[in-house]
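K.L.:
These protein sequences, in sequence, are chains A and B.
Counting in this note's numbering, the first sequence runs from 1 upward without gaps.
Counting in this note's numbering, the second sequence runs from 1001 upward without gaps.
No residue lacks a Cβ here, since even glycine has one placed at the ideal position from N, Cα and C.
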Amino acid sequence: MRTPDAVSRRRAIEALRAGVPCRGAVAALGSGQPAIEDRFAEMLDGLTDSERRTSVGGLLLGAGFGAGKSHLLNHLAHQAVEAGAAVSTVVISKETPLHDPAKVFRAAVESLSTGRSFGDAAVAAVAADLDPDTPRYAALTRWVNSAASGMDERFAATLLIYERLRGHEVAGSDETVDAIVRFWCGDPMRVSDLKRSLKLVGQAGLFDCGSLPVRELARQRLRFLSHLLVAAGYAGWVLLFDEVELIGRYSLLQRARSYAEVAGWMSAEQADPVLAVLAMTDDFEAAVLSGKNDREVIPARLRDKQTPEWDETAAAAVVGMRHIDRDMVLLDPPDDAELDRTYRALKRLHGEAFGWQPPDVPGLERLGATRMRQYVRAWINEWDLLMLDPDFRPSTEVLSVTPSYDEDVDL
Amino acid sequence: MSAETTALPGVLGGGSVSVDDYMDVLDRHYLTGYLPAGGSAVKVVVVGEPDVGARFTDELGRLADRHGCLLVSIDAAATRVHMIDQLYAEVARHVDWDGVAAAIVLAAYDAVAFPADSASDLTAASVARRHDVDDRELYRSVRRELERRLLGDDGIAPEMRRAMLRLAQVHLGAGDVDAAEHDAVLDWLRGELSRITAVRSTLIFNRIGRHNARAMLASLARLLLENGYGGLVLTVDYQRLAVARRPPIEQREGVYYSRAAVLDAYETLRQLIDGVDELCGLLVVALVSPELMTDESRGLPAYSALQLRVADEVRDHRRANPFAALIRLEVRLEAVG
Chain A
1 MRTPDAVSRR RAIEALRAGV PCRGAVAALG SGQPAIEDRF AEMLDGLTDS ERRTSVGGLL
61 LGAGFGAGKS HLLNHLAHQA VEAGAAVSTV VISKETPLHD PAKVFRAAVE SLSTGRSFGD
121 AAVAAVAADL DPDTPRYAAL TRWVNSAASG MDERFAATLL IYERLRGHEV AGSDETVDAI
181 VRFWCGDPMR VSDLKRSLKL VGQAGLFDCG SLPVRELARQ RLRFLSHLLV AAGYAGWVLL
241 FDEVELIGRY SLLQRARSYA EVAGWMSAEQ ADPVLAVLAM TDDFEAAVLS GKNDREVIPA
301 RLRDKQTPEW DETAAAAVVG MRHIDRDMVL LDPPDDAELD RTYRALKRLH GEAFGWQPPD
361 VPGLERLGAT RMRQYVRAWI NEWDLLMLDP DFRPSTEVLS VTPSYDEDVD L
Chain B
1001 MSAETTALPG VLGGGSVSVD DYMDVLDRHY LTGYLPAGGS AVKVVVVGEP DVGARFTDEL
1061 GRLADRHGCL LVSIDAAATR VHMIDQLYAE VARHVDWDGV AAAIVLAAYD AVAFPADSAS
1121 DLTAASVARR HDVDDRELYR SVRRELERRL LGDDGIAPEM RRAMLRLAQV HLGAGDVDAA
1181 EHDAVLDWLR GELSRITAVR STLIFNRIGR HNARAMLASL ARLLLENGYG GLVLTVDYQR
1241 LAVARRPPIE QREGVYYSRA AVLDAYETLR QLIDGVDELC GLLVVALVSP ELMTDESRGL
1301 PAYSALQLRV ADEVRDHRRA NPFAALIRLE VRLEAVG
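Structure follows, in structure tokens:
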């Protein structure tokens, strides 16, 4: 087992043991969700069409723990890259709370994949691919300079500086170009440095760059980067959000902001080349929206604050909760045919990964409550044990691990 | 075959594996073939008794050595394991960066068909003398080859590529990198650089911090694999996370973790588990105590994202699987809560 293919298959088995998706596993097993794949493909088509884009909106997926949401998101990521889009997968976590646009943006950049490079290096490569002589680039400069875009002038300014300094033999230009790319990726840039750079390219005083709230700056960075990607030849930016149900463990105000963010991501009004897919557990409505009475409590609590900002958040939170209520697309549970297909693919994968012929194994009894992850882990576990001892007779048991939605201040 | 399903929140019980048996599996199925070919894995290992833990890490050290792997052992009591940049820095301090650069230069001389005699003298002048060719021409050829190898390697973070090019140039002996720049590049690679301007001439403008440390760790592992190592084996002892109350100040030693920091540490580990596609030639072994398996405040049950990834919710009735994401080393079944 030394060929790259064997290593890739072995890596897939390692990932499946932990229940995390990886390229090899998704390639071998597929997604088992053709209806969702078709719907996503249609949305991808809308992404590239600027006139249709405003009616695309986001996609909210739901299923139980271990039912295959992450695996599906990984599959959609491949679909998006094949369609020419750049992709980010953001796992909502302690480090990346959904209610914090700046942290979400940073996580999106760190996980950005263009199919050729990742993270900040991908942004640098995308910027390097910009060709000022193309209609796409002209469209970018028109957009970023137009009042209608609502973009802060620092984005037009940094784009101009980048264009003027990139590749030219001006002292200090490498550092300035690097600083601009890092600004686009989420690093701070002092207004004084921006002004100095504008002076360097003979554009001093032409841009007005005042202060911008952190949350709004994050939103604008995301919008700008999506248009930059299109200018560099990509179809747009697909953002896949996993483990969104973690918002159920936030404080009330954090949940409110998170619901408002859900509304933003699902919005069909945006004209930016961004397509969002959010995955969360299908019991969220019962456990949190109803269980914690968020539908009533959140709007009331926010409106009690009596500020325009909180009123706006309340309205957006209501929209976000409504999306969760009404627009969640549920994953199809696996039927016998799907389980048989997955079993055969996994058996082949295990054999190719370890260079042996796995025998048939019984795995788990096929019950409605059994999750796909449990079936997969059981099969792999049994093959692992038989590989070590062909005379052993596996006897698999399952102990469900069910996360709670209790509030956790440390998250 | 049974398929009983019982909902018992927080239970992560199961059978255990002996140190010798687990070493055998790591030897045959991870460090032979898989890791050197670019594979990666993250394992959580429960160690109950200190002597079991010590035996395990000693044996793992010998195994890593036999396979030409770099083994780095990190203790949460000494290193802030909830910060990925601190994890990276601790690993980076164990790397012989000049040695890796020398390996790169040796390979470059081979590629331009003028092999160097040894890694102890890689100057263009010496190698040129050995082959009776013009040293300036040889320098240009090997320098181009180094740029092609390093700057074109998409698997390594761009700034690390530039740093390694600079270290490689030192070996060529043409004087384009002075001692101060060499030392600054080493400090940067180790996460110890105090003034970022010191590496500006290397076209590095960014410190290694939380935002890029994971990419740097992945790049470091790949760099080692590409230059003669069998892989990188990283053990991280998380047992300090179980200490909820700091001792009196005169008894304190090292790092103590708030609950929030404990969750951060688990998040860092979770990200490594999820990074299976990006990681190459890296085996991470996270050592935890049995109490961290059941403690709902500071243990794995406190962070469901990690718990769901490693818990052996599906297991054999009678035999532990040594390939599993979670391994119990000579430790008893945890008590059911």
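Determine whether the Cβ of B/Y1088 lies closer than 8 Å to any Cβ atom of chain A.
P.N.:
By 1-based counting over the second sequence, the position of residue 1088 of chain B is 88. No, B/Y1088 does not count as interfacial toward chain A.
K.L.:
Would you mind working out which of A/P333, A/G186, A/W265 sits nearest A/V319, comparing C-alpha positions?
P.N.:
Along the first sequence, one-based indexing puts residue 319 of chain A at 319. Of the candidates A/P333, A/G186, A/W265, the one whose C-alpha sits nearest the C-alpha of A/V319 is A/W265.
K.L.:
Classify B/G1254 as buried or exposed, calling it buried when 16 or more other Cβ atoms lie within 10 Å of its own Cβ.
P.N.:
Taking the first residue of the second sequence as position 1, residue 1254 of chain B is located at position 254. The residue is exposed, with fewer than 16 neighbouring Cβ atoms inside 10 Å.
K.L.:
For B/I1327, write down the residues that DSSP places opposite it in a beta bridge.
P.N.:
On the second sequence, position 327 is the one that residue 1327 of chain B refers to. Note: B/I1327 sits in a beta bridge opposite B/V1045.
K.L.:
Given that A/C22 touches chain B, what residues does it touch there, using C-beta distances under 8 Å?
P.N.:
Looking up residue 22 of chain A in the first sequence gives position 22. Correct list: V1276, D1277.
K.L.:
DSSP three-state call for B/R1315: helix, strand or coil?
P.N.:
By one-based count along the second sequence, residue 1315 of chain B stands at place 315. Three-state DSSP puts B/R1315 in a strand.
K.L.:
Could you name the residues of chain A that B/P1158 contacts, counting a contact when the two beta carbons are closer than 8 Å?
P.N.:
On the second sequence, residue 1158 of chain B is found 158 positions in, with the first residue counted as 1. Chain A residues near B/P1158: A121, A124.
K.L.:
Between which two residues does the beta strand (DSSP E) holding B/T1235 run?
P.N.:
For this step, residue 1235 of chain B is matched to residue 235 along the second sequence. Start and end: 1231-1237.
K.L.:
Can you tell me whether DSSP reads A/M328 as helix, strand or coil?
P.N.:
Along the first sequence, one-based indexing puts residue 328 of chain A at 328. If DSSP states are grouped into helix, strand and coil, A/M328 belongs with the strands.
K.L.:
What is the DSSP secondary structure of B/A1260, reduced to helix, strand or coil?
P.N.:
To locate residue 1260 of chain B, count along the second sequence from 1; it is residue 260. Helix at B/A1260.
K.L.:
In chain B, which residues lie with their C-beta within 7 Å of the C-beta of A/D174?
P.N.:
On the first sequence, residue 174 of chain A is found 174 positions in, with the first residue counted as 1. Residues of chain B passing the Cβ test: L1203.
K.L.:
Excluding the 5 residues flanking A/R221 on each side, which residues of the same chain have their C-beta closer than 7 Å to its C-beta?
P.N.:
Here the question's residue 221 of chain A lines up with position 221 in the first sequence. The residues are F105, W184, G186.
K.L.:
Does the Cβ-Cβ distance between A/S226 and A/W237 come in under 8 Å?
P.N.:
Position 226 of the first sequence, counting from 1, holds the residue named residue 226 of chain A. Position 237 of the first sequence, counting from 1, holds the residue named residue 237 of chain A. Contact flag set, yes.
K.L.:
Quick check on the DSSP output: what are the complete beta strand (DSSP E) runs of length 3 or more inside the segment 1130-1187 of chain B, in order along the chain?
P.N.:
Correct list: empty.
K.L.:
Are at least three pairs of beta-carbons, each pair with one atom in the segment 334-352 of chain A and one in the segment 371-381 of chain A, less than 8 Å apart?
P.N.:
The answer is yes - the segment 371-381 of chain A touches the segment 334-352 of chain A, with three or more Cβ pairs under 8 Å.
K.L.:
Can the beta-carbon of B/L1031 be found less than 8 Å from the beta-carbon of B/L1063?
P.N.:
Within the second sequence, residue 1031 of chain B is the residue found at index 31, counting from 1. Within the second sequence, residue 1063 of chain B is the residue found at index 63, counting from 1. In this structure, B/L1063 lies closer than 8 Å to B/L1031 by Cβ.
K.L.:
If you draw a straight line from the C-alpha of B/L1263 to the C-alpha of A/A147, how long is it?
P.N.:
Translated into the one-based positions of the second sequence, residue 1263 of chain B becomes position 263. Translated into the one-based positions of the first sequence, residue 147 of chain A becomes position 147. Computed Cα separation, rounded: 44 Å.
K.L.:
Run the CB neighbour count on B/R1222, radius 10 Å, all protein chains shown included, and call it buried at 16 or more, exposed below.
P.N.:
Residue 1222 of chain B sits at position 222 when you count from the first residue of the second sequence. Buried is the call here.
K.L.:
Give the residues from the segment 1028-1043 of chain B that approach chain A closer than 9 Å (Cβ to any Cβ), ordered along the chain.
P.N.:
Per Cβ criterion, the list reads H1029, G1033, Y1034, P1036, A1037, G1038, G1039, S1040, A1041, V1042.
K.L.:
Looking at C-alpha atoms only, which residue of A/L73, A/L160, A/S197, A/T134 is the closest neighbour of A/V144?
P.N.:
Working through the first sequence from its first residue, we reach residue 144 of chain A at position 144. Comparing Cα positions, the closest option is A/L160.
K.L.:
With C-beta atoms as the reference, is B/Y1229 less than 8 Å away from A/V7?
P.N.:
Indexing the second sequence from 1 puts residue 1229 of chain B at position 229. Indexing the first sequence from 1 puts residue 7 of chain A at position 7. No, Cβ-Cβ distance for B/Y1229 and A/V7 is not below 8 Å.
K.L.:
Among the candidates A/V398, A/Y343, A/E365, whose CA atom is the shortest distance from the CA of A/I380?
P.N.:
Against the first sequence, residue 380 of chain A aligns to sequence position 380. Closest by alpha carbon: A/Y343.
K.L.:
Cα separation between A/M280 and A/R223?
P.N.:
In the first sequence, residue 280 of chain A corresponds to position 280, counting from 1. In the first sequence, residue 223 of chain A corresponds to position 223, counting from 1. Near 24 Å, if we compare the C-alpha coordinates of A/R223 and A/M280.
K.L.:
Looking only at its chain, what residues have a beta carbon closer than 6 Å to the beta carbon of B/A1325, apart from the 5 residues adjacent to it on each side?
P.N.:
Taking the second sequence and counting its residues from 1, one reaches residue 1325 of chain B at position 325. Excluding positions up to five away in sequence, the list reads V1310.
K.L.:
Counting pairs of beta carbons, one from the segment 84-104 of chain A and one from the segment 200-210 of chain A, are three or more of them closer than 8 Å?
P.N.:
At 8 Å Cβ cutoff, the stretches do not touch.
K.L.:
Say whether chain B places a C-beta atom closer than 8 Å to the C-beta of A/L222.
P.N.:
Here residue 222 of chain A refers to the residue found at position 222 when the first sequence is read from its first residue. Taking Cβ atoms only, chain B never reaches closer than 8 Å to A/L222, which makes this a no.
K.L.:
Using the C-alpha atoms, what's the distance from A/Q33 back to B/D1121?
P.N.:
Here residue 1121 of chain B refers to the residue found at position 121 of the second sequence. Here residue 33 of chain A refers to the residue found at position 33 of the first sequence. Looking at the two C-alpha atoms, the distance is approximately 60 Å.
K.L.:
Starting from A/G62, follow the beta strand (DSSP E) in both directions and report where the run begins and ends.
P.N.:
What you label residue 62 of chain A is simply residue 62 of the first sequence in a count that begins at 1. Counting along the chain, the beta strand (DSSP E) containing A/G62 begins and ends at 59-63.
K.L.:
Compare the C-beta of B/D1316 against all C-beta atoms of chain A and say whether one is closer than 8 Å.
P.N.:
Taking the first residue of the second sequence as 1, we reach residue 1316 of chain B at position 316. By this cut-off, B/D1316 is an interface position.
K.L.:
Determine which residues of the segment 91-104 of chain A have a Cβ less than 8 Å from any Cβ of chain B, and write them out in chain order.
P.N.:
Taking 8 Å as the Cβ-Cβ cut-off against chain B, the residues of the segment 91-104 of chain A that qualify are V91, S93, K94, E95.
K.L.:
Which of the three DSSP states is assigned to A/A369 in this structure?
P.N.:
Walking along the first sequence from the start, residue 369 of chain A turns up at place 369. Coil.
K.L.:
Can you tell which of A/H75, A/G368, A/F354 has the C-alpha that lies nearest to the C-alpha of A/M387?
P.N.:
In the first sequence, counting from the first residue as 1, residue 387 of chain A sits at position 387. Taking only the C-alpha atoms, the option nearest A/M387 is A/F354.
K.L.:
Mark A/V450 as exposed unless 16 or more other C-beta atoms lie within 10 angstroms of its C-beta, in which case mark it buried.
P.N.:
Residue 450 of chain A lies beyond the range of chain A shown here (1 to 411); nothing can be said about it.
K.L.:
Mind listing the chain A neighbours of B/V1304? Cutoff is C-beta to C-beta under 7 Å, in chain order.
P.N.:
As a first step, residue 1304 of chain B is located in the second sequence; it is residue number 304 there, counting from the start. As written in the sequence, residue 1304 of chain B is Ser, which differs from the Val given in the question. Going along chain A in sequence order, the residues near B/S1304 (Cβ under 7 Å) are P403.
K.L.:
Touching or not, the segment 39-50 of chain A and the segment 78-86 of chain A, by the rule of three or more beta carbon pairs under 8 Å?
P.N.:
Because the criterion of three Cβ pairs below 8 Å is met, the segment 39-50 of chain A and the segment 78-86 of chain A touch.
K.L.:
Between which two residues does the alpha helix (DSSP H) holding B/L1291 run?
P.N.:
Stepping through the second sequence from its first residue, residue 1291 of chain B is reached at position 291. Per the sequence presented here, residue 1291 of chain B reads as Glu, with Leu not at that position. Unbroken alpha helix (DSSP H) run through B/E1291: 1291-1294.
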